[in-house]
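Okay, so here's the structure we're looking at.
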Amino acid sequence: MNEMTTLKTTPKDWESDQEVRWCPGCGDYAILKAVQRTLPELGVRPENTVFVSGIGCSSRFPYYMETYGFHTIHGRAPAIATGVKLANPELDVWIITGDGDALSIGGNHTMHLLRRNLDCQILLFNNEIYGLTKGQYSPTSRAGTRSPSTPFGSVDRPASPCAFAQGSGARFIARGIDTHKKLPDVLKAAHAHKGASFVEIFQNCIVYNDDVFAGFTDKKAAPDNQIWLEHGEPMLFANGTKGLALDKSDLRLHVVDVVDGNWEAAGVIRHDQTNPGIARMLIDLSPQRGQPMALGVIYNDPRPTFDSAVVAQNAEAAKGKTADLQALISKGQTWQVEKQPHVI
Amino acid sequence: MASAARELTPREAEARPPREEVVVRFAGDSGDGMQLTGGQFTLSTALAGNDLATFPDFPAEIRAPQGTTFGVSAFQINFGSTAIDTAGDQPDVLIAMNPAALKTNVAALKPGGLIIADEGEFGARNLAKAGYEVSPLTDGSLARWQLLAFNISQLTLDAVKPFGLGNKEALRCKNMWTLGLALWMFDRDRAPIIKWLRTKFAKAPQLAEANIAALNAGHAYGETAELSGPMKQHHIAPAPAEAGLYRTVTGAESISLGLVAGAQLAGLPMFFGGYPITPASAILHHLARLKEFGVTTFQAEDEIAAVASAIGASYAGSLGVTSSSGPGIALKTEAIGLAIMTELPLVIINSQRGGPSTGLPTKTEQSDLYQAVYGRNGDAPLAVIAARSPADAFDCAIEAVRLATQFMTPVILLTDGYIANAAEPWKVPDVAAYAPFPTAFLTSVPEGGFQPYARDEKLARPWVKPGTPGLLHRIGGIEKQDKTGNIDYSPTNHQQMTDLRKAKIDGIADHIPEQAVELGETSGRLAVVGWGSTYGPIRQAVSRARTRGLDVSHIHIRHIWPMPRNLGALLKGYEKILVPEMNGGQLKTVLRDQFLVDARSLSKVSGQPFRIAEIEAAIEEALA
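Each protein sequence line maps, in turn, to chains A and B. Mapped onto the numbering used here, the consecutive letters of the first sequence carry residue numbers 2 to 345. Mapped onto the numbering used here, the consecutive letters of the second sequence carry residue numbers 48 to 671.
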């Protein structure tokens, strides 16, 4: 972004006049605040910013932002956003979606947006439940989830949003937590990445799935169950007493103890955000298996964007040609009919 | 009230040149290149100055098993020295490249018509595949017609021998041999075809020369062989036509060109979101090559993404366009509702095909009229227009863009598989003669403040491009509050907004032409009312009936929704109303609903266009 387009704003400048209507205590409030706090730091202008959402609790988000906003239909935000960005690549496009919106009804669009690498930020609010329809299990709900539609527990296995993103060809994959102070840093990194930036945000649904992430988000549990990744830094957690080591015999990441900060001796490796193999292993870590939840920027290895390629090809194909409509419609196999006496 | 049709005076009748028209049908295996042969024959017909209409009729399978009846691909052309409106009821000449092609097409041939058959393909194997026990070429079963059978396969092999092609490749030149013969039969110039072959096979000059040799051999065969009897050379005089530059055009081409013209007249870049589907894909293919006209094409992951991306592009200030056929339009339905709710311009083209479900992908039908007018959840009105012919589709595409951008609404343009694929001569219009309808984006806060759902005199809301300072706002599919566009579920507001959306679309009727009568009086005993591609057969049938003195008029509706203001009164001036449609009677039902008139249906859903005679018979019955 060049100087001409940057602007000094405050979080207040990004708040619309609409009353926020999420349930009291919903994680969405914290995410809204984090976004409104982050945008002034990016130097971007509200009028160049577009929030596009699908359907679900999270998708009400655009109404609360003093930007351009489009609350679309269930699952289709990535497709609408693709049209917005291709029509005007100068716009800064943010997609707000949820686990049902992005991975169930809209899974196809999410996959193709990531594969194409459209320059935008996708914030997937994952609460592992359908909130707006009153609590049915979602594609990220854990097996055995009891809900109105699965009174005896769900029997299907959940999708992993970040693994889905990586499988779809995403070049930027990150995770955050609704109320965590590091969320703005994750958002900033997502914005800095040119291309589709996929951010899974663990969001607590206080009404239908309260505390589903408490196992790693609770204050007490957090240090031992969260690992915040920094590119080039050793992968340490639990206040530096534990780390992740790559066992070369089975090619898996293992949690190892770090004594006296001597992480190298413990075999802990540095985080390389451009390594897709390690990224996949980090995505799969699970607090339920005694491993920390990988958070922050897991994978970041930019590639040329779809929108820039479309713009470049359009320009290249049009080079040296003029938009002469009369000439265009007169092309092909033509013949001239001369004036002749009119026959009745 | 009824007035007799005007009879021709003897002088007029005398001044009328004898009507000369010929219908030729090329039929062969889907791998025989019949569409290509037909296309090139069409070109030579156009260059000869004849008026013409074509009907490509091919299977959904790309290469169906060789020699089978379901793998037959045919191309019919009707050409003549007077105005031609249809591809012809019954062929005068059938060129059958194998037994299956003969079997599936011969019944349609005019009694006494000419069959040209490739004897070389009538071996036991092919006969069995077509279900013949004995060869129809020898058992006398074709006695009703004139038969010319000779070994086109062998004659082709002989002609291309010097070029050293393999047997398979050599036999591929059969269609050019046949085309050469057809060119001779109708006294046509071979030069443009030879030029075309040299361009087509620029990278393989040997193939070009072999095909040219086959073409010349076919031509020479007609010229020199002792073909007494049926094989005669015919010269069809050029049809009288307005002076000017002409070209052949298919519906898919003219819609693409019309969209580009419409975008220029609106002063907008175009964004086209599409997903491959027969028979609509050709529009995507055409537009993909027109980048210099500010066209961005996007092959989406599915039909929903195709329309959704077009809506996103419209929101961002482009002309959003999407196109499909019935099954794809069904998938787009929810998103079209979003465009209605958010009041964004959107052009949706439906190249109709036989339905329901996958139906008949390559066959034509008009059965998506209900879908276009009514097929959405909620009270969701939009504008619907229908093209009557490949040439007419150019103007219809421009009209669709005009309505979409001037009224901030989705517009469905109905065409069909027949219009999309068929070619006809088109007098190239002067684009400067079209009145521009420039788009006025709102760029600053108007007096009294900005309201995203404020309305102009046409009830259209302002179009604001994201990126515009001072006009930030949010839109969405949830019910909007009048003027502010904020979320509002209140009962009075929903009533008001539903009424407003309807009033906006109804009001379009004040901005479209009144309904004209194509042929005949503005009142009388019978009106034949049509829409879309039935134009040609209805016009011919009405014209013939009128020549015989019957009191019948032809009305053809372009603006399906809203309908022209005068249509109801016009229809009430006729004692009877007949509505021929390639569906179960959809326009008929809408006319009855809108105007309480006793419209009767003439329905045909065979995947084939109406024959003139079918409509003529219905006219006679109605007036009996």
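Cβ atoms here follow ideal geometry from the backbone N, Cα and C, with glycine treated the same way.
Item: Distance CB(residue 49 of chain A)-CB(residue 306 of chain A) smaller than 7 Å; Value: no
Item: Contact with chain B by residue 126 of chain A, beta-carbon distance below 7 Å; Value: no
Item: Cβ-Cβ separation, residue 515 of chain B to residue 400 of chain B (assumed contact under 8 Å), whole Å; Value: Between residue 515 of chain B and residue 400 of chain B the Cβ distance is about 41 Å, and since that is not below 8 Å, they are no contact.
Item: Any chain B beta carbon closer than 7 Å to residue 1 of chain A; Value: Past the boundaries of the shown model lies residue 1 of chain A; chain A is included only from 2 to 345, so the question cannot be answered.
Item: C-beta neighbour in chain A for residue 447 of chain B, strict 7 Å; Value: no
Item: Through-space distance from residue 470 of chain B to residue 133 of chain B, alpha-carbon basis; Value: 11 Å
Item: Proximity test, Cβ basis, 7 Å: residue 82 of chain B and chain A; Value: no
Item: Where residue 294 of chain A sits in the DSSP three-state scheme; Value: strand
Item: Neighbour list for residue 110 of chain A in chain B, Cβ cutoff strictly below 7 Å; Value: 348 and 352
Item: Identity of the residues DSSP links to residue 121 of chain A by a beta bridge; Value: A:197
Item: Own chain, CB closer than 8 Å to residue 172 of chain B, minus 5 neighbours either side, in chain order; Value: 114
Item: Sequence-distant residues of the same chain with beta carbon closer than 8 Å to residue 346 of chain A, five excluded per side; Value: The question about residue 346 of chain A has no answer, for chain A in this structure spans 2 to 345.
Item: Whole-Å CB distance - residue 531 of chain B paired with residue 498 of chain B, under 8 Å assumed; Value: 6 Å
Item: Cβ shell of residue 626 of chain B (< 6 Å), same chain only, five flanking positions each side left out; Value: 576, 634, 635, 646 and 648
Item: Residue 75 of chain A - DSSP class collapsed to helix/strand/coil; Value: coil
Item: DSSP state of residue 264 of chain A mapped onto helix, strand, coil; Value: coil
Item: Residues of the stretch 356-390 of chain B whose Cβ lies closer than 7 Å to any Cβ of chain A, in chain order; Value: 356, 357, 358, 359, 360, 362, 363, 364, 365, 367, 381, 382 and 385
Item: Span of the beta strand (DSSP E) around residue 394 of chain B; Value: 393-399
Item: Proximity below 7 Å, CB of residue 295 of chain B to CB of residue 93 of chain B; Value: yes
Item: At least three beta-carbon pairs within less than 8 Å, the stretch 281-293 of chain B to the stretch 250-260 of chain B; Value: no
Item: Reference residue 310 of chain A, options A:70, A:82, A:136 and A:120, closest by Cα; Value: A:120
Item: Beta-carbon proximity list for residue 156 of chain A, same chain, < 7 Å, skipping 5 on both sides; Value: 144
Item: Residue-level contact to chain A via CB, residue 343 of chain B, 7 Å cutoff; Value: yes
Item: Near-chain A residues of the stretch 106-125 of chain B - C-beta to any C-beta below 9 Å; Value: none
Item: Limits of the unbroken alpha helix (DSSP H) element including residue 480 of chain B; Value: Run containing residue 480 of chain B: none; DSSP gives neither H nor E here.
Item: Distance CB(residue 343 of chain B)-CB(residue 335 of chain B) smaller than 7 Å; Value: no
Item: Neighbour flag for residue 327 of chain A against chain B, beta carbons, 7 Å; Value: yes
Item: Identity of the residue in B:410, B:365 and B:207 nearest residue 121 of chain B by Cα; Value: B:410
Item: The stretch 311-331 of chain B touching the stretch 370-387 of chain B, judged by at least three CB pairs closer than 8 Å; Value: yes
Item: Alpha helix (DSSP H) segment containing residue 148 of chain B, residue limits; Value: 146-152
Item: 7 Å Cβ cutoff, residue 248 of chain B in contact with chain A; Value: no
Item: Own chain partners of residue 174 of chain B with C-beta closer than 8 Å, once the 5 adjacent residues on each side are dropped; Value: 146, 180, 181 and 182
Item: Assumed close pair residue 484 of chain B, residue 313 of chain B - CB separation to whole angstroms, cut-off 8 Å; Value: 6 Å
Item: Three-pair Cβ contact test at 8 Å for the stretch 442-456 of chain B versus the stretch 567-586 of chain B; Value: no
Item: Residue 379 of chain B vs residue 420 of chain B beta-carbon contact at 7 Å; Value: no
Item: Contact with chain A by residue 593 of chain B, beta-carbon distance below 7 Å; Value: no
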